[in-house]
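Visitor:
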Amino acid sequence: MEKTMTRQEALDLYFMDARSKLIDLAAFLDRVDRAEGEADFRLKAFRLALRELERKEPQRAKQVLLTLSDPTTKPIAKATAKAASGAWPETE
Amino acid sequence: MRYIEPHGHMVSRVTDDYVDMATAGCEAVCEPAFWAGFDRSSVQGFYDYFCQLTEHEPKRAAKFGLRHFTWLCINPKESEDVKLADDVLGIIPKFLDRPTVLGIGEIGLNKNSKNEIKVLERHIDLAARHGQLILVHTPHLEDKLKGTRLIIDALKSDKRIQPQRVIIDHVEEHTVKLVLDAGFWAGMTLYPESKCTSARAIDIVEVYGSERIWMNSACDWGVSVPLAVPKTALEMRKRGHSADAIDKLIYRNPLQFMSQCPKFKLSAD
Numbered sequence: 300m301e302k303t304m305t306r307q308e309a310l311d312l313y314f315m316d317a318r319s320k321l322i323d324l325a326a327f328l329d330r331v332d333r334a335e336g337e338a339d340f341r342l343k344a345f346r347l348a349l350r351e352l353e354r355k356e357p358q359r360a361k362q363v364l365l366t367l368s369d370p371t372t373k374p375i376a377k378a379t380a381k382a383a384s385g386a387w388p389e390t391e
Numbered sequence: 036m037r038y039i040e041p042h043g044h045m046v047s048r049v050t051d052d053y054v055d056m057a058t059a060g061c062e063a064v065c066e067p068a069f070w071a072g073f074d075r076s077s078v079q080g081f082y083d084y085f086c087q088l089t090e091h092e093p094k095r096a097a098k099f100g101l102r103h104f105t106w107l108c109i110n111p112k113e114s115e116d117v118k119l120a121d122d123v124l125g126i127i128p129k130f131l132d133r134p135t136v137l138g139i140g141e142i143g144l145n146k147n148s149k150n151e152i153k154v155l156e157r158h159i160d161l162a163a164r165h166g167q168l169i170l171v172h173t174p175h176l177e178d179k180l181k182g183t184r185l186i187i188d189a190l191k192s193d194k195r196i197q198p199q200r201v202i203i204d205h206v207e208e209h210t211v212k213l214v215l216d217a218g219f220w221a222g223m224t225l226y227p228e229s230k231c232t233s234a235r236a237i238d239i240v241e242v243y244g245s246e247r248i249w250m251n252s253a254c255d256w257g258v259s260v261p262l263a264v265p266k267t268a269l270e271m272r273k274r275g276h277s278a279d280a281i282d283k284l285i286y287r288n289p290l291q292f293m294s295q296c297p298k299f300k301l302s303a304d
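Listed in order, the protein sequences are those of chains R and A. Under the working numbering, think of the first position of the first sequence as 300, with each following residue one higher. Under the working numbering, think of the first position of the second sequence as 36, with each following residue one higher.
#1: Name, please, each residue of chain R whose Cβ falls closer than 7 Å to the Cβ of residue 275/A.
#2: For residue 174/A and residue 186/A, what's the separation of their Cα atoms in angstroms?
#3: Please go through the same chain and pick out, in chain order, the residues whose beta-carbon is closer than 6 Å to the beta-carbon of residue 59/A, but skip the five residues on each side of it.
#4: Where residue 93/A and residue 105/A are concerned, what is the direct C-alpha to C-alpha distance, given to the nearest angstrom?
#5: Out of curiosity, what's the CA-to-CA distance linking residue 65/A and residue 222/A?
#6: Let me know the secondary structure DSSP gives residue 351/R once reduced to three states.
#7: Under a three-way DSSP split, which group does residue 226/A fall into?
#8: Jot down the residue ranges of each uninterrupted beta strand (DSSP E) in the segment 62-118 of chain A, minimum 3 residues, whole runs only, in chain order.
#9: Short check: CB of residue 151/A to CB of residue 170/A, under 8 Å?
#10: For the structure I just gave you, are there three or more beta carbon pairs, one from the segment 153-169 of chain A and one from the segment 376-384 of chain R, closer than 8 Å?
#11: When the Cα atoms are used, what is the spatial distance from residue 317/R to residue 236/A?
#12: Taking the alpha-carbon positions, what's the residue 321/R to residue 312/R distance?
#13: Residue 285/A: which of 268/A, 112/A, 274/A and 134/A sits nearest, CA to CA?
#14: Kindly list, in the order they appear in chain R, the residues whose Cβ is closer than 7 Å to that of residue 151/A.
#15: Between 144/A, 242/A, 228/A and 239/A, which lies nearest to residue 258/A when the distance is taken from Cα to Cα?
#16: Looking at residue 135/A: is its Cβ nearer than 8 Å to the Cβ of residue 298/A?
#17: In this structure, how does DSSP classify residue 250/A when only helix, strand and coil are distinguished?
#18: What does a CB cutoff of less than 8 Å around residue 352/R pick up in its chain, not counting 5 residues either side in sequence?
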């Protein structure tokens, strides 16, 4: 499929939305920092995924998703829950 | 604008949603069997659900000028109980000849367990034996990548399965290429929080092309938007996509895939 927008048009269409989401991300991290208690594995995975935003090639969304994914290949023995948490607990 | 909603759980929606969808140009809605938000206690619960999907819901949709089609299965969220799954698999053939049943779906995986895979393989076998199309659900969030790989392996290992007769749904940036490269159709689900936003779905189409791909709202009892497909079409228009490119993605592509089932007709003739 052909490209439909110039870089300038992409900025015109999406900058304000992305700016809003960027501030939301910053506010979320501030909120978590201000809160008391221990963080679980999701915060660590989240911070790792944030690093992917600094990449120079347009694969950032894919890389963020991969960072938050279970990379293993074998089925688990039994499903003991139905819901997903959004990050893999064993992310290093 | 005209479009087909290829994946909507309309039993969970109100009549206003049908009105809005028809007003926006929807010509048909296709409803895969899914998890009700709670586990059903017996095969009889599924029997009643399949009757609802094949008898009641098409009549309700018709009141608003929409054709309604369906897919049947036990959803992977209820597949850990293999005995129940086998009981449900046993009643599905009784429904396959009904005039609005398109195939087996949405089968797949949820937590990628051994029992889920066993039940997935039995659904694939059922579809192969009865010559049915297949619609596949891929897992949520951190489980999606692994689940997509396992699902592709299971489908590929059954040589009776033709990839062009299978749609693997809920793809995102990290799974879409796996699905398309293996020859399957890919579905993108437009959700406000999880899966794809409109902007990301259009990005995916711009990067990977619009062959063998569709978009759906997968509207259900959770956070979802029944008009997600036409809203995404409007965003495509904002980006400068042509009317023809939009029509292909939201109408001709789902029409092409589902027309492989001769029962899929958009007029009542």
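Even for Gly, the Cβ is constructed at its ideal location relative to N, Cα and C. Predicted, not measured: the structure shown is a model, and the values here were computed from it.
Guide: Let's see:
#1: 303 and 304
#2: Looking at the two C-alpha atoms, the distance is approximately 10 Å.
#3: Same-chain partners within the cutoff: 262 and 265.
#4: Taking the straight line from one Cα to the other gives about 9 Å.
#5: 13 Å
#6: helix
#7: Residue 226/A falls in the coil class under three-state DSSP.
#8: 102-107
#9: no
#10: no
#11: 16 Å
#12: 16 Å
#13: 268/A
#14: 378
#15: 228/A
#16: yes
#17: strand
#18: Here the set comprises 359 and 363.
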